[in-house]
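Trainee: To convert, note that position 154 of the sequence shown is 186 in the numbering used here; the numbers rise steadily by one, no gaps.
Can you read through this structure? Questions will come right after.
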Amino acid sequence: YGDHVTAVNSIEVVLPDGSLLRTGMWASSTADAAHGHPRGFGPDVTPLFMQSGLGIITKMSRRMSPRPEMFVPLRFRVQRDEDLVPMIDATRTLMLEGTIRNIPVIGGVLGTAAMRAPRASWTDADSPIDEATYRELMAELGMGWWNLRAALSGPRAIVEAQLERIREVLTAAVPDGEF
33 YGDHVTAVNS
43 IEVVLPDGSL
53 LRTGMWASST
63 ADAAHGHPRG
73 FGPDVTPLFM
83 QSGLGIITKM
93 SRRMSPRPEM
103 FVPLRFRVQR
113 DEDLVPMIDA
123 TRTLMLEGTI
133 RNIPVIGGVL
143 GTAAMRAPRA
153 SWTDADSPID
163 EATYRELMAE
173 LGMGWWNLRA
183 ALSGPRAIVE
193 AQLERIREVL
203 TAAVPDGEF
């Protein structure tokens with residue numbers, strides 16, 4: 033739940049030259065609790081190896097997250113291109129105040145359409161997809177022009193309060209947006 037990369041304490045990586053690198057507390061051969069401590073020695077280079085080709089991760093220690101009392105996937109969609117900026121601004125507010133604690137994703141309908149079928153299923157044109165076709169995709173896939181995805185987890189009372197705040201902020205920013 034939340035940002036998975038920030039839950040990583042230490043990793044062991046095989047570098048391109050075949051040498052082994054340990055980060056975090058695993059950098060010390062005498063650290064018995066390296067897997068459970070998030071800090072290490074000096075700068076943390078662990079993020080350099082997350083989703084990169086700089087090495088092969090062979091071991092990883094991660095903080096365990098207890099199963100939350102409540103988990104709520106959040107979706108919010110807007111129907112016009114010009115609603116993107118207010119939606120981003122509202123999402124930023126919610127992140128800065130800690131209401132949204134994970135990494136939200138904002139995308140258009142084409143990304144979802146491309147995961148479901150090849151472009152030829154939607155259009156046979158060699159040009160960019162026109163607005164009419166784009167709107168047909170929106171209707172068929174039940175999506176907006178722009179779509180926000182995030183998730184909330186934690187104690188029921190807190191998640192319910194977060195949902196109320198999210199509805200308040202996003203609806204004020206984009207009154208015709210849909211949850």
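Quick reminder that beta carbons are idealized off the backbone N, C-alpha and C, glycines included.
#1: Measuring alpha carbon to alpha carbon, tell me which residue in 49, 57, 70, 182 is nearest residue 95.
#2: Thinking residue 84 and residue 39 are a contact (beta carbons under 8 Å), I'd like their distance in whole angstroms, please.
#3: Just to confirm, is the Cβ distance from residue 180 to residue 108 under 8 Å?
#4: Cα separation between residue 79 and residue 57?
#5: When you compare the CB positions of residue 209 and residue 127, do they come within less than 8 Å of one another, or not?
#6: Note down the Cα distance separating residue 37 from residue 45, rounded to an integer number of angstroms.
#7: In the DSSP output, what is residue 46 paired with across the bridge?
#8: Residue 205 by DSSP, collapsed to three states: which one?
#9: If you run the structure through DSSP and keep just helix, strand and coil, what is residue 60?
#10: Helix or strand or just coil, what does DSSP make of residue 159?
Mentor: On the basis of the supplied data:
#1: Of 49, 57, 70, 182, the residue nearest in Cα terms is 70.
#2: Not quite, the Cβ-Cβ distance comes to about 18 Å (not below 8 Å), so this is no contact.
#3: Their beta carbons are under 8 Å apart, which means residue 180 touches residue 108 by this criterion.
#4: Roughly 15 Å between the two C-alpha positions.
#5: No, Cβ-Cβ distance for residue 209 and residue 127 is not below 8 Å.
#6: Approximately 15 Å, taken between the alpha carbons.
#7: DSSP lists 52, 88 as the beta-bridge partner residues of residue 46.
#8: It is helical.
#9: Note: residue 60 maps to coil in three-state DSSP.
#10: Coil.
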